[in-house]
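> Dropping the structure in here first, questions after.
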Amino acid sequence: AIKAMEEVAALRSELQTQRERNTELIFKLGSATNGWGRCEKERDAAQARCAELKAELAMANDAAAKGDAARHQCAGMEMEIKELRGAADHWEAESRALQKL
Numbered sequence: 148a149i150k151a152m153e154e155v156a157a158l159r160s161e162l163q164t165q166r167e168r169n170t171e172l173i174f175k176l177g178s179a180t181n182g183w184g185r186c187e188k189e190r191d192a193a194q195a196r197c198a199e200l201k202a203e204l205a206m207a208n209d210a211a212a213k214g215d216a217a218r219h220q221c222a223g224m225e226m227e228i229k230e231l232r233g234a235a236d237h238w239e240a241e242s243r244a245l246q247k248l
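Heads up, the sequence shown is in this note's numbering, so the first residue is 148 and it goes up one at a time.
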């Protein structure tokens with residue numbers, strides 16, 4: 148009977164040790180789960196910021212393309228203005244020559 152009681156006491160001690168270990172593991176699992184949740188929140192925030200930056204980049208690229216188009220258009224207009232000034236100078240000279248006649 149004493150041996151049986153000693154075995155029961157040993158089993159109770161082992162069970163208590165296992166319960167403590169399980170409690171510790173549950174606590175660690177909870178901490179890991181909370182950490183995972185924080186990681187997911189940080190990931191979601193980073194993905195949202197990435198989407199914002201992609202939108203800003205698209206707008207900047209669009210503005211740059213429009214600026215390039217405007218510069219090309221202005222360069223074309225400058226050439227037309229020079230040609231018109233040249234023609235105006237020519238016709239003004241012609242007009243003066245005709246007035247002298």
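From the three backbone atoms N, C-alpha and C, an ideal C-beta is built for every residue, glycine too.
All figures in this text were calculated on a predicted structure; none of them were measured in a lab.
Quick check on DSSP: helix, strand or coil for L248?
Locating residue 248 in the sequence shown gives position 101, where the first residue counts as 1. Here L248 sits in coil by DSSP.
> Would you say the beta carbon of G182 comes nearer than 7 Å to a heavy atom of the ligand COA?
Although the ligand COA was asked about, the structure shown includes no ligands whatsoever.
> Pick helix, strand or coil for A148, following the three-state DSSP scheme.
By one-based count along the sequence shown, residue 148 stands at place 1. Note: A148 maps to coil in three-state DSSP.
> Look at the alpha carbon of R166 and the alpha carbon of R159, and state the distance between them as a whole number of angstroms.
Translated into positions along the sequence shown, residue 166 becomes position 19. Translated into positions along the sequence shown, residue 159 becomes position 12. The alpha-carbon atoms of R166 and R159 are separated by roughly 10 Å.
> If we ignore side chains and look at the alpha-carbon of each, how far apart do A247 and D236 end up?
Start at 1 with the first residue of the sequence shown, and residue 247 comes out as number 100. Start at 1 with the first residue of the sequence shown, and residue 236 comes out as number 89. In the sequence as displayed, the identity of residue 247 is Lys instead of Ala. Using only the alpha carbons, I get a separation of about 17 Å.
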